[in-house]
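For reference, the structure is listed below as structure tokens.
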Amino acid sequence: MTYELILTRTEGRVAIITLNRPKQLNALNDQLMDELGSALKAFDADDGIGCIVLTGSEKAFAAGADIGAMATYGFADVYKNDYITRNWEQLRSVRKPVIAAVSGFALGGGCELAMMCDFIIAADNAKFGQPEIKLGIIPGSGGTQRLPRAVGKAKAMDLVLTGRMMDAAEAERSGLASRVVPLDKLMEEALGAALQICDYGQIAVMAAKEAVNRAYEGTLADGIMFERRLFHATFATSDQKEGMDAFVNKRKPVFTNR
Ligand code: CO8
């Protein structure tokens with residue numbers, strides 16, 4: 087399959103997937119997520135691949151779901167057709183390790199995508215955040231569930247309620263990123279980790295991943311479903327229209343709490 091919004095390559099037994107909508111800071115739309123899902127599935131099924139690295143550009147891993155695409159959606163669109171959220175859990179079904187190599191912005195859906203990977207190696211310019219609150223919505227792909235598991239309730243609440251960004255050092259300190267390296271060493275570090283994993287027995291690697299996820303996930307499925315219903319519900323509000331219209335038109339939003 088040929089892809090338009092992602093790039094794929096292999097290095098030894100490592101598959102590298104690069105999100106590739108640089109002008110939009112890798113904003114995640116349905117086409118990109120379909121392509122990503124398809125590439126992940128193909129690499130997972132390929133016996134020649136032992137580990138996958140997911141990365142973006144220097145400026146942005148991904149600045150979130152595509153706000154322009156979401157701006158006009160109403161509750162009926164997102165709930166009935168499962169728009170935006172429909173193909174996001176594909177990453178969770180990948181049985182081989184997936185490492186997120188994050189530089190630049192990892193915001194909203196971008197932060198959620200990074201957190202869906204097995205671990206995050208961050209460049210020193212990385213910035214993580216869940217700024218959905220500024221758009222009149224809430225995180226919709228695991229942000230309210232995975233972030234507290236990664237950084238604890240206090241910091242997760244701080245990030246989700248204020249919409250502020252945290253830098254790479256804070257992300258490592260709080261357990262979101264496993265390592266921070268200088269930007270120009272990011273891919274070398276991620277590939278090094280991936281190649282190391284490829285040298286181990288694949289069954290043990292897959293079993294280790296499965297076991298750690300078991301400890302980590304608990305009742306995550308219920309949490310995700312709960313979050314999804316609330317996320318969809320925010321599209322019934324005027325504040326969602328206002329928040330997204332304001333972003334698209336580069337103005338400050340005026341929320342009316344409706
Ligand atoms: N969607 C669409 N376009 C975007 C997005 C986005 N999320 N982020 C940036 N862009 C576009 C900008 O509109 C701009 O386009 P143009 O050049 O045509 O005007 C271009 O990318 C460059 O952006 P900026 O000029 O704004 O660059 P700056 O360096 O000044 O700022 C920021 C970078 C701070 C990252 C800024 O772009 C920003 O705040 N972006 C929005 C971040 C955000 O709010 N993300 C959350 C989106 S909502 C979300 O992710 C919900 C997830 C729901 C679940 C996902 C589905 C399951």
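Taking the numbering used here, the leading residue of the sequence shown gets 87, the next gets one more, and so forth.
For glycine and all other residues, C-beta sits at the position ideal for the given N, C-alpha and C.
For residue 141, the beta-bridge partners assigned by DSSP are 104 and 187.
Contact between the stretch 203-221 and the stretch 245-257 is present: 3 or more CB-CB pairs across the two stretches fall below 8 Å. In the three-state reduction of the DSSP assignment, residue 94 falls in the strand class, which pools E and B. Residue 236 and residue 298 have their C-alpha atoms some 13 Å from each other. Counting other Cβ atoms within 10 Å of its Cβ, residue 324 stays below 16 and is therefore classed as exposed. Membership of residue 237 in any beta strand (DSSP E) is not indicated; the residue belongs instead to the alpha helix (DSSP H) covering 229-237. Close CB contacts of residue 188 within its chain, under the 6 Å cut and outside five residues either way in sequence, are with 147, 200, 206, 208 and 212 (chain order). In this structure, 126 is the residue among 333, 318, 287 and 126 with its C-alpha nearest to the C-alpha of residue 87.
Per the Cβ contact rule, the stretch 286-293 is in contact with the stretch 177-195 (3 or more Cβ pairs under 8 Å). In the same chain as residue 327, and ignoring 5 residues on each side of it, no C-beta atom comes closer than 7 Å to its own.
Here residue 204 carries a coil assignment [DSSP, helix/strand/coil]. In the DSSP assignment, residue 215 falls outside any alpha helix (DSSP H) and within the unbroken beta strand (DSSP E) covering 213-215. Residue pairing from DSSP leaves residue 126 without any beta-bridge partner. A distance below 7 Å between beta-carbons, with the five flanking residues on each side excluded, links residue 156 to the following residues of its chain, in chain order: 170 and 330. If you draw a straight line from the Cα of residue 91 to the Cα of residue 130, it is about 19 Å long. At least one heavy atom of the ligand CO8 falls within 7 Å of the beta-carbon of residue 218. Taken through DSSP and simplified to helix, strand or coil, residue 147 comes out as strand.
Counting every other CB atom within 10 Å of its CB across the protein chains shown gives residue 204 a total of 16 or more, marking it as buried. For residue 265, there is no enclosing alpha helix (DSSP H); the enclosing beta strand (DSSP E) has its first and last residue at 265-267. A residue is called buried once 16 or more other Cβ atoms fall within 10 Å of its Cβ, and residue 230 is buried on that count. Cβ-Cβ separation between residue 196 and residue 218: approximately 11 Å, too far for a contact (criterion under 8 Å). The residues 281 and 284, in chain order, have a CB closer than 8 Å to that of residue 98 in the same chain once the five nearest residues on each side in sequence are set aside.
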